[in-house]
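Protein chains in written order, with the working numbering: chain C, 23 to 344; chain D, 13 to 596.
See below for the structure under consideration.
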Amino acid sequence: MRFLLNRLIHAIFLLFGVSLLSFLLLSLAPGDYLSEMQLNPQISPETVAALRHQYNLDRPIPVRYSHWVAAAVKGDLGFSFAYNVPVTKLLSSRILNTLLLTIPATILAWIIAIAVGVISAAKQGRWEDQVASAGTTTLLITPDILIALVFLWVALRSGYFPVGGMVSVGFDELTATQKLRDITLHAAIPITILVLSIIPVLIRHVRATMIEALHSPFVRAARAHGIPRSRLLLRHVFPAAANPLVSLFGLSIANLLGVGLITEVVMSWPGMGPLLLESVQARDLYVVIGAILISAFVLQTGIFVSDLLLLACDPRIRKGAR
Amino acid sequence: MFRITWVRHVFILAVLAAAQSLWAADAAQPVRPGEDVAVSTAESGKFGGRLSIALRSEPKTFNPVTLVDGSSREITGRLHADLLHINRASQQTEPALAKSWKVSKDGLTYTVALRHGIRFSDGVPFDADDVVFSFQVYLDEKVHSPQRDLLVVNDKPIVVKKLDQYTVAFQLAQPYAAAERLFDNIAILPKHLLAKAYEQGKIGESWNISAHPAEMAGLGPFRLKEYLPGQRVTLERNPYYWKTNKEKKRLPYLDEMTFLFVPSEDAQIIRFQSGDTDVISRISADNFALLERDQQSRGLHMVDLGPGLEFNFLFFNLNSVVPKSANTLAAKQQVFRQVAFRQAVSAAIDRDAIIKLVYRGRGTALVTQVTPANKLWRNDKIVLQKRSVDRAKDILRRANFTWKPDGTLLSPSGSPVEFTILSSASNAQRTQMATIIQQDLKDIGITVQVVPMEFRALLDRVFQSHDYEAAVLALGGGDVDPNPQMNVWVEDGSNHMWDLGETKPATPWEAEIDSLMKKQLSTLKVADRKKLYDRVQQLVADNLPLICLASPNILVGAKNKVGNFNPSILDPYVLWNSEELFIR
Numbered sequence: 023m024r025f026l027l028n029r030l031i032h033a034i035f036l037l038f039g040v041s042l043l044s045f046l047l048l049s050l051a052p053g054d055y056l057s058e059m060q061l062n063p064q065i066s067p068e069t070v071a072a073l074r075h076q077y078n079l080d081r082p083i084p085v086r087y088s089h090w091v092a093a094a095v096k097g098d099l100g101f102s103f104a105y106n107v108p109v110t111k112l113l114s115s116r117i118l119n120t121l122l123l124t125i126p127a128t129i130l131a132w133i134i135a136i137a138v139g140v141i142s143a144a145k146q147g148r149w150e151d152q153v154a155s156a157g158t159t160t161l162l163i164t165p166d167i168l169i170a171l172v173f174l175w176v177a178l179r180s181g182y183f184p185v186g187g188m189v190s191v192g193f194d195e196l197t198a199t200q201k202l203r204d205i206t207l208h209a210a211i212p213i214t215i216l217v218l219s220i221i222p223v224l225i226r227h228v229r230a231t232m233i234e235a236l237h238s239p240f241v242r243a244a245r246a247h248g249i250p251r252s253r254l255l256l257r258h259v260f261p262a263a264a265n266p267l268v269s270l271f272g273l274s275i276a277n278l279l280g281v282g283l284i285t286e287v288v289m290s291w292p293g294m295g296p297l298l299l300e301s302v303q304a305r306d307l308y309v310v311i312g313a314i315l316i317s318a319f320v321l322q323t324g325i326f327v328s329d330l331l332l333l334a335c336d337p338r339i340r341k342g343a344r
Numbered sequence: 013m014f015r016i017t018w019v020r021h022v023f024i025l026a027v028l029a030a031a032q033s034l035w036a037a038d039a040a041q042p043v044r045p046g047e048d049v050a051v052s053t054a055e056s057g058k059f060g061g062r063l064s065i066a067l068r069s070e071p072k073t074f075n076p077v078t079l080v081d082g083s084s085r086e087i088t089g090r091l092h093a094d095l096l097h098i099n100r101a102s103q104q105t106e107p108a109l110a111k112s113w114k115v116s117k118d119g120l121t122y123t124v125a126l127r128h129g130i131r132f133s134d135g136v137p138f139d140a141d142d143v144v145f146s147f148q149v150y151l152d153e154k155v156h157s158p159q160r161d162l163l164v165v166n167d168k169p170i171v172v173k174k175l176d177q178y179t180v181a182f183q184l185a186q187p188y189a190a191a192e193r194l195f196d197n198i199a200i201l202p203k204h205l206l207a208k209a210y211e212q213g214k215i216g217e218s219w220n221i222s223a224h225p226a227e228m229a230g231l232g233p234f235r236l237k238e239y240l241p242g243q244r245v246t247l248e249r250n251p252y253y254w255k256t257n258k259e260k261k262r263l264p265y266l267d268e269m270t271f272l273f274v275p276s277e278d279a280q281i282i283r284f285q286s287g288d289t290d291v292i293s294r295i296s297a298d299n300f301a302l303l304e305r306d307q308q309s310r311g312l313h314m315v316d317l318g319p320g321l322e323f324n325f326l327f328f329n330l331n332s333v334v335p336k337s338a339n340t341l342a343a344k345q346q347v348f349r350q351v352a353f354r355q356a357v358s359a360a361i362d363r364d365a366i367i368k369l370v371y372r373g374r375g376t377a378l379v380t381q382v383t384p385a386n387k388l389w390r391n392d393k394i395v396l397q398k399r400s401v402d403r404a405k406d407i408l409r410r411a412n413f414t415w416k417p418d419g420t421l422l423s424p425s426g427s428p429v430e431f432t433i434l435s436s437a438s439n440a441q442r443t444q445m446a447t448i449i450q451q452d453l454k455d456i457g458i459t460v461q462v463v464p465m466e467f468r469a470l471l472d473r474v475f476q477s478h479d480y481e482a483a484v485l486a487l488g489g490g491d492v493d494p495n496p497q498m499n500v501w502v503e504d505g506s507n508h509m510w511d512l513g514e515t516k517p518a519t520p521w522e523a524e525i526d527s528l529m530k531k532q533l534s535t536l537k538v539a540d541r542k543k544l545y546d547r548v549q550q551l552v553a554d555n556l557p558l559i560c561l562a563s564p565n566i567l568v569g570a571k572n573k574v575g576n577f578n579p580s581i582l583d584p585y586v587l588w589n590s591e592e593l594f595i596r
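Next up, the structure:
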């Protein structure tokens, strides 16, 4: 219990720190949301000044931050300057779309990584291992944006997959089955890009931890007792190797969020990525902070879930936590 | 019993409402006797179908009173109409919701006769009360509408009076040339839907992106059907639109228009190639060449409209108040302030290279702020001279500049001439221009550093801190008339960016520009205004407060199946006649 409480307090401090840093960095940078309006010869400086006052951009940073924190504690992340709507409202629909990509991508990536990693470790040094190693090396050295562009090119040339967006233009006229197929087809390429961008690291970790476990004395003893190889791998070696992999789970979410933003922009997926990019460029302060906070929260949740899993599968941690 | 009856009533009402909305969406209302409709002269097309277009960003609002961004303007422009409108093809003003207008002899009163019997997209009739209400909203200081500044002449807001149900008078504080152009893009609002929000001081919050389509109505060819955050906006035909085709059938031709949100230009090209979108605009020369190559095989019609109204320019910091931290700036300004120095810089810049390298040949070199696209106002007597290093050196020599043996240019006070050009990091083309200028000025011994900078940070330096030496920026794109650029040329203008915050002109030529611009503003005869503005252009070309560089061509395209595709160099380039567009 104390372990979980510590983690929770740690998460709260982290979120506070993230919000403070983002607020300071964005507010101290020269220019603000209204700067671009100054370039329009048809808008007077008085109008810009009045809008700056309306958005409280003329108030000192500590005052603005303290007001924002007081509201954020109650779940109000502020107002978007550009959209003139609450940030929570703006982000809520996008988060769902982002999760629609990241959750299947996470599940798929882990299934593939575990399968390939286990086979690679079991066949260490043989052609299966070498192919896996060459594949992961290639993916590791290829920038995520390049992977995205290659898939986009393939989709455009082949015509089998849509080249962007989440649904087709005539989506409303489709039947329920056709709608499901349409979304699946649109999500196929972004999910593939996400999976390909995170599996090399996962495969290598699975392989390394499996090899380490395979060389443990208890495995040699089990082999000597004549336990079949497949049972040995899945029932004994894999659980022993699971510990570092569970810790990696939380961090893989962070990686996925980072790549997800790029993929969403390239594939025009209506998630947090395009909105965050636009808001950073427009200096829409509270939207940027809201999006960063939510990303930090998702990351923290991932780490928290992996802590819970660790607690469940490792008796040593359970003992230490008491 | 009560409950069953209540449920039944609700059910019947819901069915009726759904049937009404379906019918209204599908069928344009027949033209009623006495309805003053406008008749389109464009080719008669086929009714039905949907047109898709990609926008670089989402609309921020559907409220025409508060919008400032291009995407919102592109969409709301299809939802609303103005009293008088600038025809994007002819560049002349034409009646829209106004059937006609009269100007008093003193040029102070515009009397506008409105169309009779026309209706908003929710079926409610339109009349003078809506016009008076709309201008009351735009002119209200508490609303902070960016449009307000357009409607304030000589620091006095235009006074709007209802004369009768279909006549409105606009009273100006002083004669204002081409005042009818002010009405373009001032959307007329439905008083019946917005009066309450206005009285409660909530007009700015109305019609934001979370508003329900049923809460909105306009006089444009389309009305809002659906907004899906991050994905698209769908508009459907306005069944009460006030324009018909030659066969007296109510426009628009299209059933629907869909705006997809595609955040990058490259992604927009791919969506256009794949057939997801039907028209495209605001594309670079590289991408235009790519699409032009495929236009036969993909059934596309790509059009290079030639130069637009945008002009890119280099300018030096001539502000009298500069930050103390900028130690060397004051000394450098001694050089920047010399007209001869700016003339030499201009002579040394290879504008043809800019056109070739930055715009791949799809642009025009500029000598003044008025591009060749602006046939009405351009002073054709000013000719751009070819780049000449010798001429540049000669000008500098005559102004007592010298050179070190290694070729470094020395100012009359003996210090090496070097400066930094700021450019927007997000605009690769302007950074390329700055780099070409850097290379060109090396030939006359000037060392230039190019610093690409985040755009808002750059604007902050130019407009707020004045902590810069030189910068490359662009202006223009709105209208051909000189009036929208008053703030650039008058001494106390907010966009007089080379020397901001001054009330008295610093030089005789600036004083002359100031006086000419103010004079042309109140001169009603076009020929007289042209003479005054010709002189302004000559003064700009001679004294170079802005060293004009180049104007990119407007590059657009559409699928061959899009009928009445008639793009214009004025914004919005391809959708300005959306009511006339049809799918073959």
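Think of the CB as a built atom: it goes at the ideal place given N, C-alpha and C, for glycine as much as any other residue.
Quick check: the Cα distance between C:ASP80 and D:VAL462, rounded to an integer number of angstroms? Answer to the nearest angstrom: the Cα atoms are 31 Å apart.
Which residues in the same chain as D:ASP306 place their Cβ atom closer than 8 Å to its Cβ, once the five residues preceding and following it in sequence are excluded? In the same chain as D:ASP306, and ignoring 5 residues on each side of it, the C-beta atoms closer than 8 Å to its own belong to GLN285, LEU312, in chain order.
Span separating the alpha-carbon of C:ILE316 from that of D:PRO71: Taking the straight line joining both Cα atoms gives about 23 Å.
Which residues bound the beta strand (DSSP E) around D:ALA484? A small correction: the amino acid at residue 484 of chain D is Val; Ala does not occupy that position in the sequence shown. For D:VAL484, the enclosing beta strand (DSSP E) begins and ends at 482-487.
Sheet register partners of D:ASN220 (DSSP bridge): For D:ASN220, the pairing in a beta bridge is given by DSSP as D:THR73.
Since D:ILE183 is in the alpha helix (DSSP H), which residue starts that stretch and which ends it? The sequence given here places Gln at residue 183 of chain D; Ile does not occur at that position. It is not in any alpha helix (DSSP H) - D:GLN183 instead sits in the beta strand (DSSP E) that spans 179-183.
Evaluate the contact criterion for the segment 273-286 of chain C versus the segment 211-231 of chain C: three or more CB pairs, one atom per stretch, below 8 Å. As far as the Cβ criterion goes, the segment 273-286 of chain C touches the segment 211-231 of chain C, which means the pair count is three or higher.
Close Cβ partners of D:PRO169 (< 7 Å) along its chain, the five nearest in sequence each way excluded: If the five residues before and after D:PRO169 are omitted, its C-beta is found closer than 7 Å to the C-beta atoms of LEU151, LEU163, all from its own chain and listed in chain order.
Residues sharing a beta bridge with D:GLU268, DSSP: Answer is D:ARG62, D:GLU248.
For D:ALA125 versus D:SER133, is the C-beta distance shorter than 8 Å? For D:ALA125 and D:SER133, no; Cβs fall outside 8 Å.
Using a beta-carbon distance below 8 Å, is C:LEU48 in contact with chain D? Between C:LEU48 and chain D, the shortest Cβ-Cβ separation is not below 8 Å.
Leaving out the 5 sequence neighbours to the left and right, which residues in its chain are closer than 8 Å to C:ILE167 when beta-carbon positions are compared? Sequence-distant Cβ neighbours of C:ILE167 in its own chain, meaning closer than 8 Å and more than five residues away, are ILE284, VAL288.
Does chain C have any CB closer than 8 Å to the CB of D:PRO241? Taking Cβ atoms only, chain C reaches closer than 8 Å to D:PRO241, which makes this a yes.
With which residues is D:CYS560 paired in a DSSP beta bridge? DSSP lists D:PHE325 as partners of D:CYS560.
C:HIS258, DSSP secondary structure in three states: DSSP places C:HIS258 within a helical segment (H, G or I) once states are collapsed to three.
In terms of residue numbering, what span does the alpha helix (DSSP H) encompassing D:ARG131 cover? For D:ARG131, there is no enclosing alpha helix (DSSP H), since its DSSP letter is neither H nor E.
Extent of the continuous beta strand (DSSP E) run through C:ASP336: Note, C:ASP336: premise wrong, no beta strand (DSSP E); not H, not E.
How many angstroms separate the CA atom of D:LEU34 from the CA atom of D:ASP142? Any answer about D:LEU34 is weak, because its pLDDT of 45 lies below 50 and its placement is not dependable; what the coordinates show is given next. Using only the alpha carbons, I get a separation of about 27 Å.
From C:ALA143 to C:MET232, what does the alpha carbon distance come to, in whole angstroms? The alpha-carbon atoms of C:ALA143 and C:MET232 are separated by roughly 6 Å.
Comparing the C-beta of D:SER33 with each C-beta of chain C, is any distance below 8 Å? Interpretation of D:SER33 is limited by its pLDDT of 46, a score under 50 that renders its predicted location unreliable; the figure taken from the coordinates is listed afterwards. With 8 Å as the cut-off, D:SER33 does not count as an interface residue toward chain C.
Contact defined as beta carbons within less than 8 Å: I believe D:LEU63 pairs with D:ARG354. What is the distance between those atoms, to the nearest angstrom? Contact between D:LEU63 and D:ARG354 does not hold, since the beta-carbon distance rounds to 47 Å and is not under 8 Å.
Residues, ordered as in the chain, of the segment 106-125 of chain C that lie near chain D by beta-carbon distance below 7 Å: Listed in sequence order: ASN106, VAL107, LYS111, SER115, ARG116, ASN119.
Is the CB of D:LEU471 under 8 Å away from at least one CB in chain C? At least one chain C Cβ lies under 8 Å of D:LEU471.
What does D:SER69 touch in chain C if you count any residue whose Cβ is under 7 Å from its own? Residues of chain C with a Cβ closer than 7 Å to the Cβ of D:SER69 are, in chain order, GLU300.
Contacts that D:THR443 makes with chain C (C-beta to C-beta distance below 9 Å): In chain order: nothing, as chain C lies at least about 16 Å away.
Who are the near neighbours of D:GLN350 in its chain, counting only those whose CB is closer than 8 Å to its CB and skipping five residues on each side? Contacts found: ALA411.
Quick check on the DSSP output: what are the complete alpha helix (DSSP H) runs of length 4 or more inside the segment 414-500 of chain D, in order along the chain? Qualifying alpha helix (DSSP H) stretches, in chain order: 440-454, 467-472.
Taking only the alpha-carbon atoms, compute the straight-line gap between C:ASP306 and C:GLY147 and give it to the nearest angstrom. When rounded, the distance between both Cα atoms is 53 Å.
Using 7 Å as the cut-off, classify the Cβ of C:GLN60 as near or not near the heavy atoms of the ligand NAP, replying yes or no. The ligand NAP is absent from the structure shown, which contains no ligand whatsoever.
Ends of the alpha helix (DSSP H) at C:GLU58? Neither: C:GLU58 is in no alpha helix (DSSP H) and is coded neither H nor E.
Whether D:LEU206 touches D:PHE138 by CB criterion (8 Å): Between D:LEU206 and D:PHE138, the gap from beta carbon to beta carbon reaches 8 Å or more.
Whether C:VAL189 touches D:GLN243 by CB criterion (8 Å): Taking 8 Å as the cut-off, the beta carbon of C:VAL189 is found closer than this to the beta carbon of D:GLN243.
Going along the segment 158-185 of chain D in order, which residues come within less than 7 Å of chain C, judged by CB to CB distance? For the segment 158-185 of chain D, the beta-carbon criterion of a distance under 7 Å to any beta-carbon of chain C is satisfied by PRO158, ARG160, ASP161, LEU162.
Go ahead and label D:ALA539 buried or exposed: buried means 16 or more other beta carbons lie within 10 angstroms of its beta carbon, across all protein chains shown. By the neighbour-count definition (other C-beta atoms within 10 Å, threshold 16), D:ALA539 is an exposed residue.
Hey, how far is the Cα of D:LEU587 from the Cα of C:ALA198? Across the structure, D:LEU587 and C:ALA198 are spaced so that their CA atoms are roughly 33 Å apart.
Which chain C residues are close to D:GLN497, counting only those with a beta carbon under 7 Å from its beta carbon? The contacting residues are PRO63.
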